[in-house]
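Colleague: The structure is given below, and queries will be raised subsequently.
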Amino acid sequence: MAKQIIHTDAAPAAVGPYSQAVAVATGKTVYLSGQIGLEPGTGELVSENFEGQVRQSFANMQAVIEAAGGTLDNIVKLTLFLTDLSKFASANAIMADIIPQPYPARSTIGVAALPKGAQFEVEAVIVI
């Protein structure tokens with residue numbers, strides 16, 4: 492299996508032993524690592540505000556998708572991670588504003604904590 496590592500400076504660098512995204516086989520399926528609300532230039536959370544973190548997480552994910560040669564239309568699966576599931580409706584509304592229809596498959600998971608104290612993380616699988 493041939494793996495192509497996808498990297499862009501328009502999204503934060505990996506904060507651990509993972510890549511922003513990995514394309515496999517002929518590059519048709521790309522598995523993106525999770526993105527939190529880090530500002531790419533500083534590597535710090537964009538805001539303590541949940542909605543700001545959600546929007547930045549999606550912007551970071553979009554930057555990686557574009558670096559892989561795709562668009563938001565190429566998303567087939569999203570996984571959302573929230574440290575507070577009572578904020579699910581807010582994340583859902585922001586996602587509906589950003590992700591085009593038809594919507595991809597999605598899972599939402601409540602977690603105890605995320606890296607750097609983030610409140611939200613999103614990961615995706617795209618097919619180009």
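Here the sequence shown stands for residues 492 to 619, where the numbers follow the working numbering.
For glycine and all other residues, C-beta sits at the position ideal for the given N, C-alpha and C.
Quantities reported herein were computed from a predicted structural model and do not represent experimental measurements.
1. Please name the residue in Ala582, Asp500, Leu605 whose C-alpha comes closest to that of Thr533.
2. Terminal residues of the continuous alpha helix (DSSP H) containing Gly543?
3. Which value, in whole angstroms, describes the spacing of the CA atoms of Leu563 and Leu605?
4. Who are the near neighbours of Pro591 in its chain, counting only those whose CB is closer than 7 Å to its CB and skipping five residues on each side?
5. Just to confirm, is the Cβ distance from Val555 to Gln511 under 7 Å?
6. Where Ala615 and Leu573 are concerned, what is the direct C-alpha to C-alpha distance, given to the nearest angstrom?
7. Taking Cβ positions, are Pro595 and Leu571 nearer each other than 7 Å?
8. Under DSSP, the alpha helix (DSSP H) around Ser581 begins and ends at which residues?
9. If you draw a straight line from the alpha carbon of Ala504 to that of Ser577, how long is it in whole angstroms?
10. Using C-beta distances below 8 Å, list every residue in its chain close to Ala603, excluding the 5 sequence neighbours before and after it, in chain order.
Modeller: Concretely, from the data shown:
1. The residue given as residue 533 occupies position 42 in the sequence shown. Checking every option, the nearest Cα to that of Thr533 belongs to Asp500.
2. The residue you call residue 543 lines up with position 52 of the sequence shown. 541 to 558 is the extent of the alpha helix (DSSP H) around Gly543.
3. Numbered from 1 along the sequence shown, position 72 holds the residue referred to as residue 563. Numbered from 1 along the sequence shown, position 114 holds the residue referred to as residue 605. Going by the C-alpha atoms only, they are around 24 Å apart.
4. One-based indexing of the sequence shown puts residue 591 at position 100. Excluding sequence neighbours, Pro591 sits near Leu563, Asp564.
5. The residue given as residue 555 occupies position 64 in the sequence shown. The residue given as residue 511 occupies position 20 in the sequence shown. Cβ atoms of Val555 and Gln511: closer than 7 Å.
6. The residue you call residue 615 lines up with position 124 of the sequence shown. The residue you call residue 573 lines up with position 82 of the sequence shown. About 15 Å.
7. By one-based count along the sequence shown, residue 595 stands at place 104. By one-based count along the sequence shown, residue 571 stands at place 80. Cβ atoms of Pro595 and Leu571: not closer than 7 Å.
8. Here the question's residue 581 lines up with position 90 in the sequence shown. Per DSSP, Ser581 belongs to the alpha helix (DSSP H) from 579 to 589.
9. One-based indexing of the sequence shown puts residue 504 at position 13. One-based indexing of the sequence shown puts residue 577 at position 86. Taking the straight line from one Cα to the other gives about 29 Å.
10. Here residue 603 refers to the residue found at position 112 of the sequence shown. Thr574, listed in sequence order.
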